[in-house]
Structures are given as structure tokens and as C-alpha cells.
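Just so it is clear: in the sequence shown, position 501 is 624 by the working numbering, and no numbers are missing.
One structure below.
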Amino acid sequence: MSETAATHTVHGTCHHDCPDSCGWVVTVESGSSRADGPVAVQLRGNPAHPFSQGELCPKVNRFLDRVYSPERVLHPLRRVGAKGEGRFEQISWTEALAEIAGRWAEIIATDGAEAILPYVSAGNQGLLALMFGNRFWNHMGALGVDGSLCGAVAGAGAATTNGSGKGIDPSDMVHSKLIILWGTNTRLTNRHLWPFIEQARAKGAQVIVIDPIRTITAESADWFLQPLPGTDVALMLAMMHVLIRDGLIDHEWVAAHTIGFDDLAAHVAEWTPERAAATCGIAVAAIERLATLYGTIRPAALRTLIGAEHHEHGAMFFRTLACLPALVGAWRDLGGGFSRSVGVWSSAVLDEGALTRPDLLAGREPRGVWMPHLGRVLTDTVAPVKSLLFVAVNAMVSVPNTELVREGLLRDDLFTVVHDQFLTDTAQYADIVLPATTHIEATDVVTAWGHLYLGWNEAAIPPQGEAVSNSELHRRLAAAMGYSEPLLFEDDITALRAALPTIDLDRLRAEGFLRVPYPEDGRPFADGGFATPSGKVLLRCDALAAEGHPVLPTYIAAGEAPSAEYPFALLTPKQHTRFLNSSYSHLPKHGPLEGGPFVELVASDAERLGLSDGALARVWNDRASLELPVRVSERLRPGVVAVPWGWWGAQHADGKVANSLTNDTLTDWGGGVAYSDTAVAVAAV
Ligand code: SF4
Numbered sequence: 124m125s126e127t128a129a130t131h132t133v134h135g136t137c138h139h140d141c142p143d144s145c146g147w148v149v150t151v152e153s154g155s156s157r158a159d160g161p162v163a164v165q166l167r168g169n170p171a172h173p174f175s176q177g178e179l180c181p182k183v184n185r186f187l188d189r190v191y192s193p194e195r196v197l198h199p200l201r202r203v204g205a206k207g208e209g210r211f212e213q214i215s216w217t218e219a220l221a222e223i224a225g226r227w228a229e230i231i232a233t234d235g236a237e238a239i240l241p242y243v244s245a246g247n248q249g250l251l252a253l254m255f256g257n258r259f260w261n262h263m264g265a266l267g268v269d270g271s272l273c274g275a276v277a278g279a280g281a282a283t284t285n286g287s288g289k290g291i292d293p294s295d296m297v298h299s300k301l302i303i304l305w306g307t308n309t310r311l312t313n314r315h316l317w318p319f320i321e322q323a324r325a326k327g328a329q330v331i332v333i334d335p336i337r338t339i340t341a342e343s344a345d346w347f348l349q350p351l352p353g354t355d356v357a358l359m360l361a362m363m364h365v366l367i368r369d370g371l372i373d374h375e376w377v378a379a380h381t382i383g384f385d386d387l388a389a390h391v392a393e394w395t396p397e398r399a400a401a402t403c404g405i406a407v408a409a410i411e412r413l414a415t416l417y418g419t420i421r422p423a424a425l426r427t428l429i430g431a432e433h434h435e436h437g438a439m440f441f442r443t444l445a446c447l448p449a450l451v452g453a454w455r456d457l458g459g460g461f462s463r464s465v466g467v468w469s470s471a472v473l474d475e476g477a478l479t480r481p482d483l484l485a486g487r488e489p490r491g492v493w494m495p496h497l498g499r500v501l502t503d504t505v506a507p508v509k510s511l512l513f514v515a516v517n518a519m520v521s522v523p524n525t526e527l528v529r530e531g532l533l534r535d536d537l538f539t540v541v542h543d544q545f546l547t548d549t550a551q552y553a554d555i556v557l558p559a560t561t562h563i564e565a566t567d568v569v570t571a572w573g574h575l576y577l578g579w580n581e582a583a584i585p586p587q588g589e590a591v592s593n594s595e596l597h598r599r600l601a602a603a604m605g606y607s608e609p610l611l612f613e614d615d616i617t618a619l620r621a622a623l624p625t626i627d628l629d630r631l632r633a634e635g636f637l638r639v640p641y642p643e644d645g646r647p648f649a650d651g652g653f654a655t656p657s658g659k660v661l662l663r664c665d666a667l668a669a670e671g672h673p674v675l676p677t678y679i680a681a682g683e684a685p686s687a688e689y690p691f692a693l694l695t696p697k698q699h700t701r702f703l704n705s706s707y708s709h710l711p712k713h714g715p716l717e718g719g720p721f722v723e724l725v726a727s728d729a730e731r732l733g734l735s736d737g738a739l740a741r742v743w744n745d746r747a748s749l750e751l752p753v754r755v756s757e758r759l760r761p762g763v764v765a766v767p768w769g770w771w772g773a774q775h776a777d778g779k780v781a782n783s784l785t786n787d788t789l790t791d792w793g794g795g796v797a798y799s800d801t802a803v804a805v806a807a808v
């Protein structure tokens with residue numbers, strides 16, 4: 124620090140796509156020696172934050188490297204090379220907006236606003252980031268986007284059983300005596316929950332992990348079960364079979380608070396442990412033990428997050444899992460029940476209408492496309508999209524069937540705009556790139572989905588270069604389009620007050636975080652009161668029949684499964700501590716330190732294929748072919764391989780990424796995608 128500089132601290136909240144929404148403190152230096160204005164010199168966890176308790180994570184500990192990276196996009200850019208080549212020239216905001224507005228006006232005049240696609244994902248989870256895009260695109264009448272790459276299926280699946288996606292506050296698992304972490308790598312992707320689980324263990328809780336990969340969380344568990352990918356529902360049905368057979372059902376609670384028990388009991392009679400063992404590859408004795416532990420230990424918490432939804436029958440996973448706590452009356456206990464994303468509890472303080480502004484559609488009902496089907500949408504010749512704006516998403520790394528997306532983005536007649544902090548793989552295909560602020564350059568409010576605290580995020584430093592926040596981006600676009608609707612130009616604080624009408628925003632700003640309403644005794648459904656029409660858990664959900672789904676929890680094998688041609692099941696997990704989804708992996712102290720992309724397989728498969736550690740393997744299917752170094756481990760089952768995702772094309776030898784291989788089949792319901800039902804072949808190069 125210079126002698127003439129002064130420092131102050133600013134409180135904020137991480138709004139990456141992560142359940143933890145950590146509180147932080149930014150130290151800002153300003154003074155006569157800082158000709159370029161205030162500079163953030165330190166970013167540390169806020170020790171007062173009730174959930175993150177002063178800790179961040181290995182990626183965000185280096186957040187200032189990201190803010191001040193020489194690779195930041197700081198000015199609007201116009202493409203001068205071929206699409207994908209990555210050659211741009213700097214232009215002014217005036218030029219950029221004039222070109223975008225001119226092209227969009229032409230498209231609207233000739234093809235209608237539905238030929239323009241806004242493609243927004245979870246790279247920024249602030250409320251403002253969401254609000255102004257909704258307003259702008261509704262006012263324009265642009266193409267609608269249904270479904271989601273991540274998160275929607277878990278809630279939709281649970282809601283068919285419980286009427287909503289609500290579960291228990293995960294931090295209440297400190298009271299649990301049995302914690303089953305099902306398809307969630309807590310220590311990696313929800314790291315701030317782990318200390319709560321360790322507290323429970325210190326008081327005698329058992330921790331069981333069920334996952335197709337022996338993750339770092341599995342390594343820390345008391346017991347680890349490793350079903351074959353996508354077979355979990357069979358395991359759950361066998362647990363129900365044992366619970367019923369052995370008299371471990373809480374009949375009083377079931378009679379009072381569920382519908383369809385007799386039908387379910389008849390249905391799972393045939394799901395013996397032996398049958399499930401043959402399907403999911405778990406020993407009969409292990410299935411019996413799992414069910415017995417679950418039926419006899421109280422309080423018992425089932426904890427899951429997002430990963431399990433990435434199967435063709437992902438919604439059925441969450442529907443079926445949500446039935447288990449009802450059968451044993453687990454909801455009665457503090458620390459008992461079903462724990463998943465708690466973002467839905469924030470709905471009590473959010474004005475959904477103010478967030479989404481459907482009134483700005485003015486009665487129009489624009490055509491919608493499925494978000495996971497970006498490649499199909501961009502290569503559709505019947506109703507072609509003529510322009511798209513990517514916001515907070517690096518689609519060329521994150522979207523399944525990536526090579527089809529690439530094919531679409533290469534279209535000469537497609538006008539592509541990207542708002543981002545870096546020249547991502549997606550931005551390489553843009554006609555115009557617009558610079559985006561980082562979290563510490565713009566004020567926002569974050570609604571967490573891993574804990575119950577709303578977080579205020581105060582801008583700590585001015586926007587770098589000519590970067591703008593998502594809300595300012597859409598205000599500028601609205602002005603350039605000549606729109607006059609006042610809501611499109613509202614200031615950020617007014618918009619936040621509208622979105623959070625019952626929250627004292629000044630208090631939130633002063634204190635940094637506020638807890639959203641949640642039952643004081645920590646037992647949200649101890650006496651029923653579910654959000655179904657009857658208020659009861661729907662073990663049998665008749666409404667599913669109208670959608671063509673079984674009314675009872677049912678195991679259904681995925682359409683894409685290992686075959687003679689493609690004999691391996693491919694998983695594309697998160698496996699990195701230094702990067703998050705596609706963020707950070709390109710930065711020098713992040714992705715490269717994780718060792719670069721690889722394909723992981725077990726020794727028996729490697730030996731059979733003539734592969735050893737470090738050898739080069741070809742991994743392919745009908746969608747793509749990648750050459751990757753081999754990593755031999757004992758973390759997977761034979762017949763299962765993993766290519767962790769998140770590295771960019773330039774970090775792969777052939778420019779393709781893990782998602783070049785993945786399946787873009789939609790999930791059963793909820794509008795998600797079956798990334799993890801992908802079959803591949805593997806051979807030595
Ligand atoms: S990425 Fe997640 S764990 Fe890391 S600081 Fe942000 S919220 Fe916390």
C-alpha cells in the first residue's frame with residue numbers, strides 16, 4: 124500500500140453458480156497515488172457470514188486475479204476474422220449498440236422478434252442480472268427459452284411428490300444421526316456444508332455417500348455405495364420394498380400425510396433387493412443394510428443437489444427420493460427429511476411478477492425452444508434463429524452436443540452478440556462482444572440455494588474499462604432500440620425494492636445478509652402441509668399420467684446406454700477445486716494447475732484396452748471424437764469412464780470439449796438434459 128493511499132472495506136456476496144453464496148469483504152485502496160481510481164487489494168471471506176463463516180474457496184480466493192486479469196474484455200469488440208477465429212477490433216459502445224440495434228430492427232421487420240434468441244444461464248446469480256433481461260426480452264417479444272441446463276429438473280421432480288421443491292435447511296443436518304449424501308459431492312461443490320456434517324458426525328451421525336464416482340466426499344464417508352450410473356431409482360424402490368417388508372414404515376404418519384401408499388406397496392413388492400442388485404450393481408446385503416439403517420435411525424436426512432438430474436429420467440430420481448422420508452416419517456424430526464436446494468424458500472420474499480414482468484409481453488405468447496437444445500435450435504432450417512445474445516454463459520463449453528452448437532454458430536447468416544468478462548470459446552464466434560463487470564464492480568442481491576441467507580453485494584470498485592453490468596447492458600440495448608417503456612430504464616435499487624417488497628433493503632445493505640422465513644422449529648413438514656392440492660405427499664401422483672409418465676415411482680432405463688458399438692458409460696463430472704463449471708479454467712493459476720483435460724478409467728478397463736497412465740486414448744461416439752491423456756484410477760466402476768468438464772477448447776488437443784460428446788436428450792420432465800446418459804467407445808490412439 125502506498126503511503127498516500129487510504130483503504131476501506133466493502134461487503135459483498137459471491138454470485139457464481141454455486142450453492143454456498145459466500146459472504147466476502149473487499150479491501151479497497153484509493154488515494155492520490157491511484158490515478159486509475161479505487162483498487163481492490165484484498166478479497167477475503169466474511170467471518171460474520173453464518174454459512175460460509177469466513178472461508179471462500181480456492182477459485183474465489185484468487186478472485187482479484189480474475190478482476191485484474193490482462194485477458195479481461197474491457198471494451199466492445201467487433202469481429203474482423205472468420206467466426207471462431209477470435210480476431211476482433213475495438214469499437215465504441217455507440218458503434219456496438221448502433222450495429223446491434225440496426226441488425227435486430229432488420230430481423231424483426233423481416234422475420235419477427237421470435238427470430239432473436241436470448242440465451243442466459245447461471246454465470247451470474249444476482250437478481251438484477253435476471254430482472255432486466257426478462258423485461259427487455261418480454262418487451263421485444265423475443266423467442267422464449269424453456270427448461271434449463273441445470274437445476275430445474277430437481278425441483279420439478281420433487282414437486283410431483285411434495286407439491287414444491289422445498290426441503291429442510293441443510294445446516295439443520297447438524298441434528299441428524301444418519302446423513303445420506305445421494306449424488307452430491309459435498310466436499311467439492313458445496314464445501315461450506317461439510318463442517319455442519321462434521322459437527323453431526325462428532326455427535327455420532329453416520330454419513331453414507333451414494334455416487335457413481337468415488338469422490339472426495341465418498342472417501343470421507345463412513346460407508347460408500349457405488350451404483351451403476353442412472354440406476355438409483357431401482358435402489359430406492361428396493362429400499363421401499365425392504366422398509367415395507369420389515370415393518371419399518373411410520374404408518375401413522377403415512378396415513379395422515381400421504382396418498383397412494385397401498386398402490387406403492389403393491390408396486391414395489393416386485394422390487395426385491397435381488398432384482399435391484401442386478402440392475403444397479405449393488406450387493407443384496409448392502410441394499411438390505413441401507414434400507415434398515417434408513418428405517419431405524421432418527422433423525423435421518425437425505426441430501427442431494429443437482430448432479431442426479433442429468434439423466435433422461437432425472438425428474439423421476441427426485442420424485443422417487445422425495446417419497447422415502449414420507450415412508451419412514453423422517454419429516455417429524457429436526458434434522459430429518461429431504462434436503463436439496465433451498466432457493467425455493469426465498470420465494471416468500473420475492474415478487475415473482477416483478478422479477479419476470481410477464482405483463483411486458485402485452486398478451487403475446489412467443490414461441491419457445493428448449494435451452495438444452497441450443498445446437499438443434501441453431502441448425503433448425505424450418506424456423507431459423509437469426510440472432511442471439513449470450514449472457515452469463517459459455518455455451519461452447521457448457522451445452523451438451525457442443526459440436527452441433529459450433530455448427531450453428533458458424534452460420535454466416537447468424538448475428539451473434541456475447542456479453543462476457545473474457546473472450547470465451549463462445550465469444551470467439553461472436554460478431555460483437557460486449558464487456559461485462561465482475562461481481563465486485565456492480566451492486567446486486569443474491570438469493571442463495573445452499574442456505575437461507577439473502578446476500579447483499581455492494582460494488583467495491585468502479586466497472587473496469589467500459590464494462591457494464593447485466594442491468595446496464597439491457598438499459599443500453601433498450602435505448603438503442605428506441606424503446607420507451609419506463610420499466611426498461613429503472614435504476615437498480617428501485618428494481619431491487621420491487622423484487623423484494625417485504626425486505627428492508629437498507630438493513631440488508633447495512634448488514635450484508637438476512638435470513639429468509641423458515642419454520643422456527645426447523646421441521647417444515649412435521650405435520651404435513653405440503654404444497655399439493657391435498658396438502659399430502661403424493662406417493663401416487665395421478666397428474667403425471669396426463670404427461671405420459673408413470674403415476675408411481677418407476678425405474679426406466681435410459682435410451683442411450685452402453686452398447687456393442689459404444690460400450691462405456693461416460694460421466695462428465697465437476698472434479699476441480701480451482702475452477703467452477705467453465706469459469707476460471709483458462710486463468711493461469713486455475714485450469715492449468717488442475718493438470719489439463721483427461722479421460723479417467725479403472726485399471727481393469729485400461730489394461731484390457733492396452734492403455735496406461737498418461738497414454739493417449741481416443742474417446743468417441745456419433746457426436747464427436749476427442750483425444751485425451753489417460754488417468755487410471757479406482758474411482759469408477761468397470762465400464763464407466765469420466766471426462767471432467769470445464770476446460771475450454773484451447774486446452775484440449777483437438778479443440779473439442781467434454782460436452783462435445785454428451786447427449787442432448789431432454790429429461791422426462793423439468794426441461795433438463797441427459798448429459799450423464801452418454802455412451803462412448805474408448806481405444807488407444
Ligand atoms: S464459488 Fe462457491 S464456495 Fe467459492 S466463494 Fe463463491 S459461493 Fe463460495
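Cβ atoms here follow ideal geometry from the backbone N, Cα and C, with glycine treated the same way.
Give the C-beta separation of residue i and residue j to the nearest angstrom, bearing in mind that I take them to be a contact with Cβ-Cβ under 8 Å.
i      : j      : result
VAL162 : VAL149 : That belief does not hold up - the Cβ atoms of VAL162 and VAL149 are roughly 10 Å apart, past 8 Å.
ILE410 : GLY274 : In fact, because the Cβ distance is near 29 Å, the residues do not count as touching under 8 Å.
HIS298 : VAL465 : HIS298 to VAL465, Cβ: 16 Å. No contact.
VAL520 : GLY769 : 7 Å
GLY270 : GLY794 : 2 Å
ASN247 : ALA515 : 4 Å
VAL766 : ALA692 : That belief does not hold up - the Cβ atoms of VAL766 and ALA692 are roughly 12 Å apart, past 8 Å.
ARG398 : ARG258 : Between ARG258 and ARG398 the Cβ distance is about 52 Å, and since that is not below 8 Å, they are no contact.
On the DSSP bridge assignment, give the partners of residue i in chain order.
i      : result
TYR552 : For TYR552, which the question treats as bridged, DSSP gives no partner whatsoever.
ASN580 : ASP567
ALA129 : SER153
ILE331 : ILE303, TRP346
GLU723 : ARG754, ALA765
SER462 : ARG426
THR539 : LEU511
HIS134 : VAL148
ALA163 : VAL151
ALA807 : ALA740
LEU557 : HIS542
ILE382 : LEU661
VAL243 : VAL514
VAL591 : ALA559
Are there 16 or more other CB atoms within 10 angstroms of the CB of residue i, so buried, or fewer, so exposed?
i      : result
GLN544 : buried
GLN213 : exposed
GLY135 : buried
TYR417 : buried
MET124 : The predicted position of MET124 is uncertain, since its pLDDT is 38 and thus under 50; no value can be drawn from it.
THR625 : exposed
THR785 : buried
PRO422 : buried
GLU126 : Bear in mind that a pLDDT of 46 at GLU126, under 50, signals an unreliable position, so the number given afterwards is only what the model happens to contain. Label assigned to GLU126: exposed.
SER708 : buried
SER698 : Residue 698 is actually Gln in this sequence, not Ser. That one is buried.
THR233 : exposed
ALA408 : exposed
PHE616 : Phe is not the amino acid found at residue 616; the sequence shown has Ile there. With fewer than 16 other Cβ atoms within 10 Å, it is exposed.
LEU179 : buried
PHE808 : The sequence given here has Val at residue 808, not Phe. By the neighbour-count rule (16 or more Cβ atoms within 10 Å), VAL808 is not buried but exposed.
SER144 : buried
GLN165 : exposed
THR217 : exposed
What are the start and end residues of each continuous alpha helix (DSSP H) run of 4 or more residues lying completely inside the segment 464–523, in chain order?
-> 475–479, 497–501, 518–521
Check your reading: residues with Cβ closer than 5 Å to the ligand SF4 heavy atoms | CYS137, HIS139, CYS141, ASP143, CYS145, LEU179, CYS180, VAL183
Which parts of the segment 172–241 are runs of the beta strand (DSSP E), unbroken and 3 residues or longer, counting only runs that do not cross its ends?
-> 200–202, 211–213
Go through the segment 725–805 residue by residue and report every complete run of the beta strand (DSSP E) that reaches 3 residues or more, in order.
-> 739–743, 748–756, 763–765
Can you check the segment 391–460 for any beta strand (DSSP E) of at least 3 residues that lies completely inside it and give the ranges in chain order?
-> 423–426
Start-end ranges of the beta strand (DSSP E) lying completely within the segment 612–700, minimum 3 residues = 636–638, 691–694
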